[in-house]
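Notes follow the structure.
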Ligand code: 1GP
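Residue numbers (the working numbering): 540 to 795.
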């Protein structure tokens, strides 16, 4: 257990440093709601390792505590890729993870997702031995109704309202967030435009982007515009062979 909040926050910056060190890293998002088939999950973990995926993000908007814990345990047992929690609610925390994205949904005005869930889990998080990364979580309109917007009862920011996006990100940084996470929502019709990512570069903070990313071209664009981590969920659930394209992208990106 940590003796002080300083100790908790500076305990380890390993995952944060890893996110910060390079553009165009890839995270595979695993939604524990969709992990009933353990053979399929095992196959995904094996192939993700082979493709040199940088991170596994685990979480979801509607996941139960039981499914979350079971998925984290299974993943930790079967993969050495860093496991980062991308929590949908206060019960999605685990000591087995390597890091916890400590999300504040600052594009919305729902107090539960700004501070409520945090208070509910604060004691437990404080006692855990997991790297905690304060994260400005910003929903961008991806052209379709997303679960996260529905569950959080918040409205995403229109993707062409650049000044609102920039000011929201700036406010997050002023509040001490170390990461900016832009999410168009799982299954989005349109991913976050690369122009938005380019603009955020002036803030000099690592950026994670996810939602509706389905092609290598989009991955390349987001990489070129400066995204540190690009998150892929649905596309791999539907077509695990997409990992081959990702593998090729990683090979080219890391060696160049
Ligand atoms: C993570 O919501 C995304 O930020 C995942 O979206 O499932 O559409 O890849 P997809």
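Ideal Cβ positions, reconstructed from N, Cα and C, are used throughout, including at glycine.
Note on geometry: alpha-carbon atoms of residue 699 and residue 784 lie some 29 Å from one another.
Within the same chain, 604 come within 6 Å of residue 630 by CB-CB distance, once the 5 residues on both sides are set aside.
Sorting 762, 728 and 736 by C-alpha distance to the C-alpha of residue 773 places 728 at the top.
Checking the 7 Å criterion, the Cβ of residue 640 is out of range of every heavy atom belonging to the ligand 1GP.
Excluding sequence positions up to five before and after residue 673, its CB lies within less than 7 Å of the CB of 641, 715, 716 and 717, all in the same chain and listed in chain order. For residue 594, the enclosing beta strand (DSSP E) starts and ends at 594-597. Counting other Cβ atoms within 10 Å of its Cβ, residue 681 reaches 16 or more and is therefore classed as buried. With a cut-off of 7 Å, the C-beta of residue 628 is classified as distant from the ligand 1GP, since no heavy atom of the ligand falls inside that distance. The continuous alpha helix (DSSP H) containing residue 703 extends over residues 701-713. Membership of residue 578 in the alpha helix (DSSP H) is indicated by the continuous run 577-589. For residue 564, the enclosing beta strand (DSSP E) begins and ends at 564-569. Runs of the beta strand (DSSP E) spanning 3 or more residues and lying entirely within the segment 608-640 occur at 622-624, in chain order. In the DSSP assignment, the residues bridged to residue 768 are 564 and 747.
Close CB contacts of residue 566 within its chain, under the 6 Å cut and outside five residues either way in sequence, are with 594, 596, 768 and 770 (chain order).
For the segment 656-690, the full-length alpha helix (DSSP H) segments reaching 4 residues or more read 656-666 along the chain.
Distances from the CA of residue 638 to each of 557, 571 and 648 were compared; the closest alpha carbon is that of 557. DSSP places residue 763 in the uninterrupted alpha helix (DSSP H) bounded by 755-763. For residue 722, DSSP records a beta bridge to 678 and 749. In the same chain as residue 692, and ignoring 5 residues on each side of it, the C-beta atoms closer than 6 Å to its own belong to 649, in chain order. A distance below 6 Å between beta-carbons, with the five flanking residues on each side excluded, links residue 722 to the following residues of its chain, in chain order: 678, 749 and 750. Distances from the CB of residue 771 to the heavy atoms of the ligand 1GP include at least one below 7 Å.
Taking the C-beta atoms as reference points, residue 591 is found nearer than 8 Å to residue 789.
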